[in-house]
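Participant: Last residue of the sequence shown: 376 in the UniProt record's numbering, with the numbers rising by one and none dropped.
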Amino acid sequence: MESTDRLLLRRSSDRLVVVLRGDWTREQPYAVGPVLRQLEESLEGMVGIAFDTTALGRWDSMLVLLLRRIERLAAGHSLELDRSGLPRGADRLLQLAGASAEHRDAGRDTPPGGMLHGLGVRFYHALADAAALLRFVGEATLAFGRLLLGRARFSGRDLLLFIQAASFEALPIVSLINFLIGMILAFVGVVQLQVFGAEIYVANLIGISVTREMGAIMVAVIMAGRTGAAYAAQLGTMQVNEEIDALITLGLPPMEYLVLPRILALTLMMPLLVVYADIVGIAGGLLASINLSSIGLHQFMLQTVEAVGLDDILIGIFKGAVFGLLVASAGCYHGMRSGRSSASVGRATTDAVVMSVISIVVADAVITVVTTLIGV
Numbered sequence: 001m002e003s004t005d006r007l008l009l010r011r012s013s014d015r016l017v018v019v020l021r022g023d024w025t026r027e028q029p030y031a032v033g034p035v036l037r038q039l040e041e042s043l044e045g046m047v048g049i050a051f052d053t054t055a056l057g058r059w060d061s062m063l064v065l066l067l068r069r070i071e072r073l074a075a076g077h078s079l080e081l082d083r084s085g086l087p088r089g090a091d092r093l094l095q096l097a098g099a100s101a102e103h104r105d106a107g108r109d110t111p112p113g114g115m116l117h118g119l120g121v122r123f124y125h126a127l128a129d130a131a132a133l134l135r136f137v138g139e140a141t142l143a144f145g146r147l148l149l150g151r152a153r154f155s156g157r158d159l160l161l162f163i164q165a166a167s168f169e170a171l172p173i174v175s176l177i178n179f180l181i182g183m184i185l186a187f188v189g190v191v192q193l194q195v196f197g198a199e200i201y202v203a204n205l206i207g208i209s210v211t212r213e214m215g216a217i218m219v220a221v222i223m224a225g226r227t228g229a230a231y232a233a234q235l236g237t238m239q240v241n242e243e244i245d246a247l248i249t250l251g252l253p254p255m256e257y258l259v260l261p262r263i264l265a266l267t268l269m270m271p272l273l274v275v276y277a278d279i280v281g282i283a284g285g286l287l288a289s290i291n292l293s294s295i296g297l298h299q300f301m302l303q304t305v306e307a308v309g310l311d312d313i314l315i316g317i318f319k320g321a322v323f324g325l326l327v328a329s330a331g332c333y334h335g336m337r338s339g340r341s342s343a344s345v346g347r348a349t350t351d352a353v354v355m356s357v358i359s360i361v362v363a364d365a366v367i368t369v370v371t372t373l374i375g376v
């Protein structure tokens with residue numbers, strides 16, 4: 001039997017009992033090393049270690065540190081550690097310390113496995129993302145089919161609110177951006193065409209570029225940063241608050257109740273916003289042209305009407321509908337895939353805007369090439 005003023009080692013049958021007495025606090029430091037060496041020397045023939053704390057006084061992390069080192073010593077000698085004699089609080093802290101030690105490497109990144117490994121991981125994630133996107137498109141298509149059959153379940157009031165957010169509330173920023181775009185096109189066109197004495201054709205430049213391209217593209221980019229990001233943030237926040245899980249529990253399909261109204265609202269309102277943007281953009285070009293050149297108001301209007309055909313306007317409207325569908329789908333897709341943390345919502349919002357802008361540019365290029373090839 002070994003003893004000190006606050007710690008005593010006692011043999012009890014085939015167990016070594018560690019008797020703890022007095023206070024074990026940081027204000028009263030204790031040389032643990034020599035005691036542990038004595039304890040290790042006394043383990044021969046023992047099958048376990050037990051504790052007796054009937055005379056224990058105050059304690060803090062100093063005691064937990066000692067118990068943790070004794071626990072490691074017992075594990076190293078394959079001995080059973082009987083913690084029934086410990087205070088309940090100390091036993092819980094000891095369990096917590098053991099659990100933390102088991103997961104001490106949980107936050108470390110997996111070391112890279114080389115270029116081939118990295119390519120494989122990226123390819124796997126790309127396939128998983130593609131599968132998730134196809135699943136989303138399929139579910140959205142089925143929801144739209146149920147809508148056509150009158151079987152979709154969503155709130156008409158929510159649809160009206162989304163229409164309001166994607167139309168009237170967007171008019172100020174759409175007006176500002178497209179008015180300035182029209183002025184910029186007029187300024188660039190007038191400066192260049194004046195060299196050839198053909199400044200009257202600035203009306204052609206503004207009218208065709210705004211109706212076929214710039215009006216739809218600028219509105220789409222605005223709505224991607226404004227409405228598409230809002231959709232992703234709203235649905236991501238609902239994921240965090242487990243509201244989507246609650247809808248599923250109530251038997252309400254999230255694709256119909258949450259996604260379908262948003263996609264419908266933006267897809268229906270985008271063509272109207274494009275027409276409005278065309279008018280505002282041409283008005284901005286008109287204002288700049290009559291102030292920067294000798295073109296009169298009547299001349300500009302006649303030249304614009306002659307240059308812009310119905311097909312130009314319809315192509316812009318069609319692009320607006322396609323862009324609205326893409327922007328709303330991107331926002332809802334990333335919002336529904338968001339994780340359950342604030343960081344995940346931020347990533348979902350960013351990914352939604354990036355995906356929207358890329359899809360807008362790709363779709364515009366495809367539509368432009370197709371319409372050019374068919375002579376429209």
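Glycine included, C-beta positions come from ideal geometry on N, C-alpha and C.
1. For His125, does the count of other Cβ atoms within 10 angstroms reach 16, so buried, or fall short, so exposed?
2. Whole angstroms is fine: what's the gap from Arg226's alpha carbon to Leu252's?
3. When burial is assigned at 16 or more other CB atoms within 10 Å of the CB, is Phe179 buried or exposed?
4. CB-CB under 6 Å to Ala55, same chain, minus the five flanking residues each way: which ones, in chain order?
5. I need the boundaries of the beta strand (DSSP E) containing Phe51, first residue and last residue.
6. Determine the DSSP secondary structure at Asp82, reduced to helix, strand or coil.
7. Taking only the alpha-carbon atoms, compute the straight-line gap between His334 and Val219 and give it to the nearest angstrom.
8. With distances taken between CB atoms, is the gap from Gly207 to Val308 smaller than 8 Å?
9. Determine the DSSP secondary structure at Arg15, reduced to helix, strand or coil.
10. With DSSP as the reference, label Arg151 as helix, strand or coil.
11. Please report whether the beta-carbon of Arg146 lies at a distance below 8 Å from any beta-carbon of chain C.
12. Where DSSP assigns a beta bridge to Arg68, which residues make up the other side?
13. Using the Cβ count rule (16 or more neighbours within 10 Å means buried), how would you classify Asp278?
14. Is it true that the stretch 290 to 300 meets the stretch 348 to 357, where meeting means three or more beta-carbon pairs spaced less than 8 Å apart?
15. Among Ala140, Val280 and Arg340, which has the Cα closest to the Cα of Leu260?
16. Skipping 5 residues on each side, what residues in its chain have a beta carbon closer than 8 Å to that of Met46?
17. State buried or exposed for Gly150, treating a residue as buried only when at least 16 other CB atoms are found within 10 Å of its CB.
18. By the three-class DSSP mapping on this structure, what secondary structure does Ile200 have?
19. Checking the sheet assignment: what are the DSSP bridge partners for Arg21?
20. Threshold first: 4 residues or longer. Then list the alpha helix (DSSP H) segments lying entirely within the stretch 178 to 236, N to C.
21. Checking 8 Å against the spacing of the C-beta atoms, do Phe318 and Ile360 come in under that value?
22. Is it true that the CB of Ala288 sits closer than 8 Å to the CB of Met214?
23. Out of Gly57, Trp59 and Ala90, which has the shortest C-alpha to C-alpha gap to Glu71?
24. Pull up the distance between the alpha-carbon of Ala74 and that of Leu81, whole angstroms please.
25. Could you check how far apart the C-beta atoms of Arg262 and Ala328 are, in whole angstroms? I think they sit under 8 Å.
26. Given Leu63, which residues of its chain have a CB within under 7 Å of its CB, disregarding the five upstream and five downstream residues?
27. Of the choices Ala232, Ala97, Ala363 and Val357, whose alpha-carbon is the least far from that of Ala343?
28. Sorted by chain position, which residues of the same chain lie with C-beta nearer than 7 Å to Leu272's C-beta, five sequence neighbours on each side aside?
29. Just reading off the alpha helix (DSSP H) that Asn291 is part of, what are its end residues?
30. In or out: Pro34 buried (at least 16 other Cβ within 10 Å) or exposed?
31. Going by DSSP in three states, Ala97 sits in which element: helix, strand or coil?
32. From Ile315 to Ala352, what distance separates their C-alpha atoms?
33. Can you give the Cα-Cα distance for Asp60 and Ala31, rounded to whole angstroms?
34. Taking Glu243 as the reference, which of Ala230, Leu94 and Leu258 has the closest Cα?
Facilitator: According to the data block:
1. exposed
2. 27 Å
3. buried
4. Arg21
5. Gly48 to Trp59
6. coil
7. 21 Å
8. yes
9. strand
10. coil
11. Of the chains in the structure shown, none is chain C; there is only one protein chain.
12. Answer is none; Arg68 lacks a bridge partner.
13. buried
14. no
15. Ala140
16. Arg11, Asp14, Arg15, Leu16 and Leu79
17. exposed
18. helix
19. Ala55
20. 202 to 209 and 215 to 223
21. no
22. no
23. Ala90
24. 7 Å
25. 5 Å
26. Trp24 and Ala90
27. Ala232
28. Ser167
29. Leu260 to Leu292
30. exposed
31. helix
32. 25 Å
33. 16 Å
34. Leu258
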